[in-house]
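All remarks here apply to the structure that follows.
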């Protein structure tokens, strides 16, 4: 039932859109939608379609229910033979002249799938539902609207002709806050991929009324759909640009269309510069006046993942070989307007004599160069050659950390700034903007060493800059202490290795000492961390400036190392041999291609969480993106853009549990950190960028605890809450506590002794919280206000508590006394009850302990448990078939289909497994009951 304030919000929005040129139309269900679609397509195409024509069109539109494939259908014309055997073309949206489309708005369309759903406000373009708007009354959090859309995805968008899978954009609003996001389809939903719209100065436009006047303006909306949604070919998903990305591309396009000026974009590290720069390249390549667009990246960034991303945007556009001739051929191909290449190959193409004969034909052509990560010094050399060689060029740079006068450092003393190379700044989106928009995370910087206050666990007996002699800083004693500290703290920082880390050190010599220490400690059984390393081994590699091309030079010279580098090379070769044995690979430093492939393989394994800590000197500290990396250990002097770039390896967004990037510093970099933040944002930005001190979070969690006990003084009081509104208040209050605990638990100093909420009390409240979560999954005849609440279970789910972990505890249980056994048994069952993914197994595990455990040998416990669970699964299956009178073969097939696709069955699909079909009146209720029992069966026996 729509609440009064939500209804008013809906009516006001429709009236506003109608005043802004949308046609208001009444559509009650899919049959109305189809009638309207035929009329609108006829109007848009200026044609009349017979019923058989329209049937062909609908068959074409319905041939796939996949969101990505439907997005392709939308953007392409459809050709068919009509009744007169004439070839007819149908356009579904005008991609070139995006304002020339038909716009309608409607509300409360009802569609029945596995459940009957009624959608709030739908925007139709040429009769197709391309934008869906879900509204909540003021005061309700946006996540509830988001979760409702997620339910629609599962329950009804794919029903019948599946026209709602043509939705390109979703809008969610409670009147005061409004966000948009692309259709995520069957991908795992992530609320962090929802965005506020802004003006071109990054000022947020959050009120629904203002959002409707800007973002939902007809021409702008269709421009976003036709130009600023990227169809990601590799992941088969839709990606919509964020506002700062949109404005940056628009500024570049304007420059190319209306001037010959250059410029640069300052978008902070982690904000998606590669997508922005590629989209700019793609649109520019479609302009008639432009002959070529050359998108240049540094070779060290063109690793496996990045090449895969580029090829996802434009298949086969990236040539990852070192062959400059292939680039020259691309330049010479008149049909190839968009080239993605490396700085190094571009430099070779315009300087090597044997390539110039071909390249000279392009000297006077209109060529637009776009440089990714243009803060690096080698761009200065390439820039000079481009300006000397080409006569009709424009040049644009993207950087997260521009070079200003303050941080312009180079060996040849030519202190070139980003502005001196590229001209005016066209758009900026700095780290404070990104943190405010939750597009990147804040940093938690902890300084570890003697200068740390004595009452902190971060005070370990290591030497720091006050006595900064090379002998002391690189001493065996200091390195061993730091290694032991890292081993101790790593599970805490990475949520028991759910995330990964890098360790950057001052030189290759020091790295070797650290790496050998970690290998020795592993042999001694002190840790089981998977470690890897890569470094350059030329002379004086530790003297390389953070603006130099410290990766590239090594890939080209590994085959001929300098005399004094053999020790370093031999050590790296020995580390690579260990790596090869572990991962069954065959990399080496003896060949530049093998070494570069080693670099790419490490990058992939860090992203895939196969490497726990990657040890580096300079490599990977810029340009490397891995969402799973959340911690950086630092024993190296960093400053300016080098510091921000290094810290920023940790701050990519990934789910609720990754709440900050952890920086653990074994040197006194506090002033360097403060100075870098001031340079790349402003002096007041520190409180936004750096996490608050530990004591601040102690106060916050104590305040949250006081709010909790004002609602429920004890955990037992949760059972006495009178209404769902009261339960919702408890859920929100306890959720605030688990969010804060997730942050504060990453601090080395955290102890429950420091806060008013003790650990057992936390576990008790958590149990009640999970009870309410279970309640939302039970069968019910009416809609609950708790249905849309996000319980954020990932914050209390522990990856280390699995069935295997519980079985290990049970094996140990057998060796204890009866009194101890009873106490331990209760602890194990409480552990199961407190873990969201195991709660459905609690009764079965308890039964296993009582009936089977006394008879089992500890060595056979896992095998016997699996046998027991298979027997119980068959019993539960048979009981389900008997109680609900199901066809057992059809139930088995439904189960297999779910396990393969992970798609929740529709209500009709579950009704179809009944031996006798219910009446139409009973169908919906029976379908709900069977679906709920089916999902309980799946969660109990198949989801660990």
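Residue numbers (the numbering used here): 3 to 946.
Built from N, CA and C at the ideal position, the CB exists for glycine as well.
Predicted, not measured: the structure shown is a model, and the values here were computed from it.
When burial is assigned at 16 or more other CB atoms within 10 Å of the CB, is residue 693 buried or exposed?
On the chain shown, position 691 is the one that residue 693 refers to. That one is buried.
Where in the stretch 860-933 do unbroken runs of the alpha helix (DSSP H), each at least 4 residues long, occur, reported from the N-terminal end onward?
Within the stretch 860-933, the complete alpha helix (DSSP H) segments at least 4 residues long are 863-886, 890-903 and 909-913, listed from N- to C-terminus.
Hey, residue 700 and residue 756 are a contact pair by Cβ (cut 8 Å); roughly how many whole angstroms apart?
Residue numbering aside, residue 700 sits at position 698 when the chain shown is read from its first letter. Residue numbering aside, residue 756 sits at position 754 when the chain shown is read from its first letter. The pair is a contact, with the Cβ atoms about 5 Å apart (cut-off 8 Å).
Spatial neighbours of residue 214 in its chain, beta-carbon cut-off 8 Å, leaving aside the 5 residues before and after
Your numbering for residue 214 matches position 212 in the chain shown. Result list for residue 214: 15, 18, 19 and 22, in chain order.
Throw me the rounded Cβ distance for the residue 181 and residue 196 pair, which I believe falls under 8 Å.
Stepping through the chain shown from its first residue, residue 181 is reached at position 179. Stepping through the chain shown from its first residue, residue 196 is reached at position 194. Right, the Cβ-Cβ distance comes to about 4 Å (below 8 Å), so this counts as a contact.
Run through DSSP, which three-state label would residue 351 get?
Position 349 of the chain shown, counted from the start, is the residue given in the question as residue 351. Three-state DSSP puts residue 351 in a helix.
So the alpha helix (DSSP H) residue 248 belongs to, where does it begin and stop?
As a first step, residue 248 must be located in the chain shown, where it is residue number 246. Segment 245-260, the alpha helix (DSSP H) holding residue 248.
What span of residues does the alpha helix (DSSP H) with residue 286 cover, start to end?
For this step, residue 286 is matched to residue 284 along the chain shown. For residue 286, the enclosing alpha helix (DSSP H) stretches over residues 275-286.
Residue from 601, 25 and 636 whose Cα sits closest to the Cα of residue 487
For the purposes of this step, residue 487 is taken as residue 485 along the chain shown, with counting starting at 1. When C-alpha distances from residue 487 are compared across 601, 25 and 636, the shortest belongs to 636.
Residue span of the beta strand (DSSP E) that contains residue 125, given as start and end:
The count along the chain shown starts at 1 and reaches residue 125 at position 123. Taken as a continuous stretch (DSSP letters only), the beta strand (DSSP E) holding residue 125 covers 118-127.
DSSP has residue 664 in a bridge; who is on the other side?
By one-based count along the chain shown, residue 664 stands at place 662. Partner(s): 446 and 633.
So, residue 154 versus residue 119, is the Cβ gap smaller than 8 Å?
As a position in the chain shown, residue 154 is number 152, starting the count at 1. As a position in the chain shown, residue 119 is number 117, starting the count at 1. Closer than 8 Å, so yes.
My assumption, with CB atoms under 8 Å, is that residue 126 sits in contact with residue 108. Please give the rounded CB distance.
In the chain shown, the residue the question calls residue 126 occupies position 124. In the chain shown, the residue the question calls residue 108 occupies position 106. Right, their Cβ atoms sit about 7 Å apart.
Please name the residue, chosen from 642, 147, 114 and 662, that lies closest to residue 679 on a Cα-to-Cα basis.
Taking the first residue of the chain shown as 1, we reach residue 679 at position 677. Considering only alpha carbons, the answer is 642.
Tell me the DSSP secondary structure of residue 143 in three-state form.
Numbered from 1 along the chain shown, position 141 holds the residue referred to as residue 143. Three-state result, residue 143: coil.
Take the Cβ of residue 697 as the centre, count every other Cβ of all protein chains shown within 10 Å, and call the residue buried at 16 or more, exposed below.
Here residue 697 corresponds to residue number 695 of the chain shown, with the count starting at 1. Around the beta carbon of residue 697, fewer than 16 other beta carbons lie within 10 angstroms, which makes this residue exposed.
With DSSP as the reference, label residue 221 as helix, strand or coil.
What you label residue 221 is simply residue 219 of the chain shown in a count that begins at 1. Note: residue 221 maps to helix in three-state DSSP.
Between which two residues does the alpha helix (DSSP H) containing residue 131 stretch?
Along the chain shown, one-based indexing puts residue 131 at 129. For residue 131, there is no enclosing alpha helix (DSSP H); the enclosing beta strand (DSSP E) has its first and last residue at 130-137.
Close Cβ partners of residue 968 (< 7 Å) along its chain, the five nearest in sequence each way excluded
For residue 968 there is no data in the structure shown, the boundaries of the chain being 3 and 946.
For residue 923, count neighbouring C-beta atoms within 10 Å of its own C-beta (all shown protein chains included) and say buried if the count is 16 or more, exposed if not.
On the chain shown, position 921 is the one that residue 923 refers to. So residue 923 counts as exposed.
Runs of beta strand (DSSP E) wholly within the stretch 491-547 (minimum 3 residues, chain order):
Listed in chain order, the beta strand (DSSP E) runs fully inside the stretch 491-547 are 502-507 and 533-535, counting runs of at least 3 residues.
Three-state secondary structure (DSSP) of residue 413
Here the question's residue 413 lines up with position 411 in the chain shown. Model confidence at residue 413 stands at a pLDDT of 45, short of 50, so the residue's coordinates are unreliable; what they give is reported in the following sentence. Annotated three-state conformation of residue 413 is coil, per DSSP.
Over what stretch of residues does the beta strand (DSSP E) that includes residue 241 continue unbroken?
Looking up residue 241 in the chain shown gives position 239. Looking at the DSSP string, the run of the beta strand (DSSP E) that includes residue 241 is 239-242.
Note the first and the last residue of the continuous alpha helix (DSSP H) segment covering residue 184.
Here the question's residue 184 lines up with position 182 in the chain shown. No alpha helix (DSSP H) holds residue 184; the beta strand (DSSP E) holding it covers 180-184.
Could you say if the stretch 60-71 and the stretch 141-148 meet the contact criterion of at least three C-beta pairs nearer than 8 Å?
Judged by Cβ distances under 8 Å, the stretch 60-71 makes no contact with the stretch 141-148, as fewer than three pairs qualify.
For residue 2 and residue 341, which I take to be in contact (beta-carbon distance under 8 Å), what is that distance rounded to the nearest angstrom?
The shown model of the chain, from 3 to 946, leaves out residue 2, and the question about it has no answer.
Starting from the Cα of residue 135, find the closest Cα among 121, 928 and 146 and give me that residue.
Taking the first residue of the chain shown as 1, we reach residue 135 at position 133. When each option's Cα is compared against that of residue 135, the closest is 121.
By how many angstroms is the C-alpha of residue 396 removed from the C-alpha of residue 331?
Position 329 of the chain shown, counting from 1, holds the residue named residue 331. Position 394 of the chain shown, counting from 1, holds the residue named residue 396. Those two C-alpha atoms are separated by around 21 Å.
To which residues of the same chain is residue 883 closer than 7 Å at the C-beta, ignoring the five residues directly before and after it?
Start at 1 with the first residue of the chain shown, and residue 883 comes out as number 881. Closer than 7 Å at Cβ, skipping near neighbours: 890 and 893.
Among 867, 609, 267 and 32, which has the Cα closest to the Cα of residue 398?
In the chain shown, counting from the first residue as 1, residue 398 sits at position 396. Comparing Cα-Cα distances from residue 398 to each of 867, 609, 267 and 32, the minimum goes to 267.
In the DSSP assignment, find the alpha helix (DSSP H) that holds residue 62 and state where it starts and stops.
Residue mapping note: residue 62 aligns to position 60 of the chain shown, counting from 1. First-last of the alpha helix (DSSP H) with residue 62: 53-63.
Name the DSSP beta bridge partners of residue 702, please?
As a working note, residue 702 is residue 700 in the chain shown. Paired residue(s): none; residue 702 is not in a bridge.
May I ask you to list the residues that DSSP assigns as paired with residue 425?
As a working mapping, residue 425 is identified with position 423 in the chain shown. Beta-bridge analysis with DSSP links residue 425 to no other residue.
Reducing DSSP to helix, strand and coil, say where residue 330 ends up.
For the purposes of this step, residue 330 is identified with residue 328 of the chain shown, where counting begins at 1. Taken through DSSP and simplified to helix, strand or coil, residue 330 comes out as helix.
Nearest candidate by alpha-carbon position, reference residue 509, set 502, 585 and 537:
Residue numbering aside, residue 509 sits at position 507 when the chain shown is read from its first letter. Ranking 502, 585 and 537 by Cα distance to residue 509 puts 537 first.
Compare the C-alpha of residue 764 against each of 283, 101 and 704 and name the closest.
For the purposes of this step, residue 764 is identified with residue 762 of the chain shown, where counting begins at 1. Considering only alpha carbons, the answer is 704.
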